[in-house]
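Visitor:
In the working numbering, the protein residues as written are 21 to 162.
1) Looking at residue 115: is its Cβ nearer than 8 Å to the Cβ of residue 86?
2) Taking the beta strand (DSSP E) that residue 173 belongs to, which residues open and close that run?
3) Rounded to the nearest angstrom, how far is the Cβ of residue 33 from that of residue 64, given a contact under 8 Å?
4) Ignoring anything shorter than 3 residues, give me the beta strand (DSSP E) runs that lie fully in the segment 39-116, in order along the chain.
5) Tell whether a beta-carbon distance below 8 Å holds between residue 113 and residue 69.
6) Would you report the Cα separation of residue 104 and residue 67, rounded to the nearest angstrom?
7) Given a cut-off of 8 Å on the beta-carbon distance, is the pair residue 96 and residue 109 in contact?
8) How should residue 79 be labelled, buried or exposed, when 16 other C-beta atoms within 10 angstroms of its C-beta is the threshold for buried?
9) When we look at the beta-carbon of residue 57 and count the other beta-carbons within 10 Å, is it buried (16 or more) or exposed?
10) For residue 92, is the classification buried or exposed, using 16 other Cβ atoms within 10 angstroms of its Cβ as the cut-off for buried?
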């Protein structure tokens with residue numbers, strides 16, 4: 021099931037794409053609860069997957085991993101999960117990841133230039149992180 025984005029969501033994604041096109045090293049899309057961050061993330065993921073990239077969608081709570089997985093399945097986005105003992109299908113083009121597991125294990129290595137990542141729900145907030153690059157393991161997706 022694919023939803024049409026609202027105007028503010030499309031505008032936010034256009035701004036995000038512009039920043040990425042300018043090779044901005046770290047881009048953050050911040051939006052309030054209920055504003056459709058997961059939908060916006062899935063729209064970006066569809067575009068990245070269409071270009072052959074691997075994507076990590078990172079969230080900070082186990083419940084959000086399960087919620088994102090259900091939403092991705094409903095939207096027809098096949099994926100693996102990197103989350104503690106629930107880890108499956110690490111070779112998937114899309115991975116839904118727990119920030120805690122990423123912090124402990126890192127992300128699977130990808131060929132240079134082959135990936136992107138999307139962090140959901142401010143993974144650093146309340147986790148003691150001081151550097152978003154460390155939290156999202158951006159080096160794995162350079």
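The beta carbon of each residue, even a glycine, is placed where N, CA and C say it ideally should be.
A quick note: this is a predicted structure, and the numbers were derived from the prediction, not measured.
Guide: Quick look at the numbers:
1) no
2) Residue 173 is absent from the model: the chain starts at 21 and stops at 162.
3) 6 Å
4) 74-79, 100-102
5) yes
6) 28 Å
7) no
8) buried
9) buried
10) buried
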